[in-house]
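Okay, structure first, notes after.
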Amino acid sequence: MDFTFKTIAEFNDYFKDEKTCYEFLELQRWDGTPVCPHCGSVKKPYNVKARSKVAAIQEIPHYRCAEKECSLPFTVRTGSIFEGSKVELKKWFQAAYEISTRKKGISSLELAERIDVSQKTAWFINHRLRNMLKDTNPELLTGIVEADETYVGGKLKNKHESKKRKEKTKYGRFYNTGDKTTVVGLLQRDGKVVTYVTPNAEAATIAPIMVAHLDKDATLITDDHKSYKEVGKNYKHLMVKTTYGSYVTHGNVHTNTIEGFWSQLKRGIIGTFHVVSPKHLQRYCNEFSYRYNNKGVSNIERFAESIKQCANTRLTYKSLISNEQ
Ligand SMILES: [Zn+2]
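Written out as structure tokens, the structure is:
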């Protein structure tokens, strides 16, 4: 890309009209060659006129598929996260810029003010963008890979002390206690992270994540809990020993990197969003993972790369395990 923006004002100045935004999106999504989102045809589509009297809308490129059996109309928004939204692309772009560049993300309340939409619309935009940020075609993790799980949210602290103790001893750390939600993660040192919201952290739950994301030659580092002992059998596996609740680390054998990521995730969620329901947690994990995985690039690149994924389909833990079967 031959332009750089130092400020959000410069960014907004560049994407000032819808035509510019559409053309930019066409370049990112299609590399400039329209692909019919209905049938996948790359046959040069017909340019058609927009059915609108508004000049700004008439300027937007509208197409009709050139395949006889298809012949359906489309724009670059069709089949993407922007489909069916009345919000102008320039506002979506600003939202995507904010979410992909801010360390802790942006709350729907603040986004609503920034792009002048209702909070409900901003909430919807944020969630669609989080879906977009999911890496649906990740490379296998290799080299040294740390695996760990964390528990997010919940009101355990509000519970009676005896109940809390009982849950802790009964379930250990391998079940959702109270309304805490389990997130399992794999992180390649000096590489990327993948995160999954899961029903628990049992070996049977973690195993398909390992199979899907871990290179067979990778060196796996985990703590010494039972689940990891089991799933680590197929890999070169080093374990951090637990002694009386604290971890003893030796040189390279630690899980500090992924623990650092977990604390970033939790601080971000608490600081910016306060409460996240388990139903939406995977999307927040996508958002934080995306920023972590693209930390080495400039803001504009991080934005432009994210937009390329606008036709992402959701990848959930459910879809991951159904692919395995
Ligand atoms: Zn078509």
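At position 166 of the sequence shown the residue is numbered 1291 (the numbering used here), and the sequence of numbers has no breaks. Note that the Cβ used here is the ideal one computed from N, Cα and C, for glycine as well.
Distance, residue j Cα to residue i Cα
i, j, result
"GLY1157", "SER1352", "48 Å"
"GLY1297", "CYS1435", "Per-residue confidence for GLY1297 stands at a pLDDT of 47, beneath the threshold of 50, marking its modelled position as unreliable; the derived number appears in the next sentence. Rounded to the nearest angstrom, the two C-alpha atoms are 40 Å apart."
"GLU1264", "GLY1316", "10 Å"
"PHE1386", "GLY1204", "33 Å"
"TYR1300", "LYS1245", "Because TYR1300 sits at a pLDDT of 43, beneath the cut-off of 50, its placement in the model cannot be relied upon, and the following sentence gives the value as read from the coordinates. Going from the Cα of TYR1300 to the Cα of LYS1245 covers about 33 Å."
"ILE1432", "LYS1366", "43 Å"
"ILE1206", "LEU1234", "20 Å"
"HIS1285", "SER1402", "Because the pLDDT at HIS1285 is just 48, under 50, the model does not fix this residue reliably, and the point stays unresolved."
"LEU1363", "ASP1349", "9 Å"
"LYS1131", "HIS1405", "32 Å"
"LYS1141", "ALA1220", "14 Å"
"ARG1189", "ASP1241", "32 Å"
"GLY1421", "TYR1415", "11 Å"
"PHE1413", "LYS1229", "8 Å"
"PHE1398", "THR1275", "18 Å"
"LYS1168", "CYS1161", "8 Å"
"SER1423", "ALA1326", "35 Å"
"PRO1324", "LEU1150", "37 Å"
"ARG1154", "VAL1201", "8 Å"
"ILE1182", "ILE1250", "21 Å"
"GLU1208", "ARG1253", "10 Å"
"SER1196", "VAL1277", "48 Å"
"LYS1354", "GLU1430", "37 Å"
"LYS1391", "GLU1184", "44 Å"
"GLU1292", "SER1243", "Residue confidence for GLU1292 is low, a pLDDT of 45 falling below 50, so the modelled location carries little weight; the figure read from the coordinates is stated next. Straight-line Cα distance between these residues: approximately 41 Å."
"THR1129", "ASN1359", "46 Å"
Nearest candidate by alpha-carbon position, reference residue i, set the options
i, options, result
"ASP1342", "ALA1329, ILE1182, GLY1357", "GLY1357"
"LYS1144", "LYS1169, HIS1163, ALA1175, CYS1161", "ALA1175"
"LYS1211", "CYS1195, ARG1189, ALA1247", "ALA1247"
"GLU1194", "HIS1252, CYS1164, LEU1152", "CYS1164"
"ASN1381", "LEU1266, CYS1410, ARG1314, ALA1429", "ARG1314"
"ILE1231", "GLU1426, TYR1409, SER1423", "TYR1409"
"LEU1339", "LYS1354, LYS1361, VAL1322", "LYS1361"
"CYS1146", "SER1196, SER1177, LYS1216, PHE1199", "LYS1216"
"THR1320", "THR1330, ASN1359, VAL1308", "VAL1308"
"ASN1262", "PRO1186, VAL1400, VAL1318", "VAL1318"
"GLY1268", "ALA1237, ARG1227, VAL1277, LEU1311", "LEU1311"
Residue span of the alpha helix (DSSP H) that contains residue i, given as start and end
i, result
"TYR1276", "Not the alpha helix (DSSP H): TYR1276 falls in the beta strand (DSSP E), residues 1269–1277."
"LEU1152", "1143–1155"
"TYR1417", "1403–1418"
"LEU1390", "1381–1393"
"ARG1253", "1244–1257"
"ASN1137", "1133–1139"
"ILE1432", "1424–1433"
Presumed contact (8 Å Cβ cut-off) between residue i and residue j, rounded CB distance
i, j, result
"GLU1223", "ARG1239", "7 Å"
"HIS1427", "ASN1437", "The amino acid at residue 1427 is misidentified as His; the sequence shows Arg. No, ARG1427 and ASN1437 are not in contact; Cβ-Cβ is about 16 Å, not under 8 Å."
"LEU1152", "ALA1272", "That belief does not hold up - the Cβ atoms of LEU1152 and ALA1272 are roughly 38 Å apart, past 8 Å."
"SER1166", "GLU1192", "5 Å"
First and last residue of the uninterrupted beta strand (DSSP E) at residue i
i, result
"THR1306", "1306–1313"
"VAL1336", "Not the beta strand (DSSP E): VAL1336 falls in the alpha helix (DSSP H), residues 1328–1338."
"VAL1318", "1318–1323"
"THR1520", "Absent from the structure is residue 1520, since the part of the chain shown begins at 1126 and ends at 1450."
"VAL1173", "1171–1173"
"HIS1399", "It is not in any beta strand (DSSP E) - HIS1399 carries neither H nor E in the DSSP assignment."
"TYR1188", "1187–1189"
Chain D within 9 Å of residue i, Cβ atoms only
i, result
"PHE1199", "As a matter of chain content, chain D is missing from the structure shown, which is built from one protein chain."
Requested in this report: May I ask you to verify whether the segment 1327–1338 touches the segment 1238–1258, counting CB pairs closer than 8 Å and requiring at least 3?
Outcome: Contact between the segment 1327–1338 and the segment 1238–1258 is absent, because fewer than three Cβ pairs lie under 8 Å.
Query raised in the report: Pick out every residue whose C-beta is nearer than 6 Å to a heavy atom of ligand 3: which are they, in chain order?
Result: This structure simply doesn't include ligand 3; it includes ligand 1 instead.
Query raised in the report: Does the segment 1165–1182 come close enough to the segment 1128–1137 to have 3 or more Cβ pairs within less than 8 Å?
Result: They do not touch, by the three-pair rule.
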